[in-house]
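All residue numbers for the sequence shown refer to this note's numbering, where the first residue is 481 and numbers rise by one. Take a look at the structure below.
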Amino acid sequence: MDLNEQSITPMTEDECWEFLSMQPIGRLGTAVAGEPEIFPLNFAMADRTIYFHTIPGTKVAEVAINEKVAFEVDQWGPEIAYSVVVKGTAEILENDADIAAAESTNLVSYLDDTRDTWVRITPTQVTGRRLQR
Numbered sequence: 481m482d483l484n485e486q487s488i489t490p491m492t493e494d495e496c497w498e499f500l501s502m503q504p505i506g507r508l509g510t511a512v513a514g515e516p517e518i519f520p521l522n523f524a525m526a527d528r529t530i531y532f533h534t535i536p537g538t539k540v541a542e543v544a545i546n547e548k549v550a551f552e553v554d555q556w557g558p559e560i561a562y563s564v565v566v567k568g569t570a571e572i573l574e575n576d577a578d579i580a581a582a583e584s585t586n587l588v589s590y591l592d593d594t595r596d597t598w599v600r601i602t603p604t605q606v607t608g609r610r611l612q613r
C-alpha cells in the first residue's frame, strides 16, 4: 500500500462502545445562542449511556434549552486513527436515583472544584470509523 493511501473502515456499534469505554476525554457539541460550540470534558459510561458532571454555566443552560447534542471521541496515532460520534439527547439529572446511577460510574473530574450538576446523554445514533495508513 502506498504511504499516501488511507483505508477507512466503519466500526460496528460494539466496537464504538468498546473504544468509548477506553477514552477519558470527549467533546460535547451543542449550540450556544444559535452558534455551534464544542466543549472538551471528561466522562464516564454505564449501560451504553454517557455521563459527565459540570458546574452551572453555558453547557447546562444550552442543554436545558436544546437537548439534542453530539459527543465525539477520537484517538490518533502514526499508523491508525479512530473517531466515534454519538448523537443523542442530553438531560440534566435531578432525581436521586438518576444522580446515584451517575455517581456509581466513579467519574473523577480533572478539575478540583464543585462540579455538582450531572448530565446524561442517551444515544440515538452511534457511528465510528477506523482510519489506517
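We put the beta carbon where it would ideally sit given N, CA and C, even for glycine. All figures in this text were calculated on a predicted structure; none of them were measured in a lab.
Quick check on the burial criterion: 16 or more other C-beta atoms within 10 angstroms. Buried or exposed for residue i?
i      : result
Asp482 : Because Asp482 carries a pLDDT of 48, less than 50, the predicted location of this residue cannot be relied on, and the following value inherits that uncertainty. Answer is exposed; the Cβ neighbour count stays below 16.
Thr489 : exposed
Glu515 : exposed
Glu517 : exposed
Lys548 : exposed
Ala580 : exposed
Ile530 : buried
Thr510 : buried
Gly557 : exposed
Ala570 : buried
Ala577 : exposed
Contact defined as beta carbons within less than 8 Å: I believe residue i pairs with residue j. What is the distance between those atoms, to the nearest angstrom?
i      : j      : result
Arg600 : Leu573 : 6 Å
Gly506 : Val553 : 4 Å
Verify whether the separation of the beta carbon atoms of residue i and residue j is less than 8 Å.
i      : j      : result
Glu498 : Val606 : no
Leu500 : Leu521 : no
Pro536 : Thr597 : yes
Met525 : Gly608 : no
Val512 : Thr534 : no
Thr551 : Val566 : The sequence as given places Phe at residue 551; Thr does not occur at that position. In contact: Phe551 and Val566 (Cβ atoms closer than 8 Å).
Gln612 : Gln555 : no
Looking at the strands, I want to know which residues DSSP matches up with residue i.
i      : result
Val564 : Val553 and Gly608
Thr489 : Arg610
Arg600 : Tyr531 and Glu571
Ile519 : First, the residue type needs correcting, since residue 519 is Phe and not Ile in the sequence shown. Note: Phe519 sits in a beta bridge opposite Leu508.
Met525 : Ile530
The stretch 580 to 590 / the stretch 557 to 569 touching (three or more Cβ pairs under 8 Å): no
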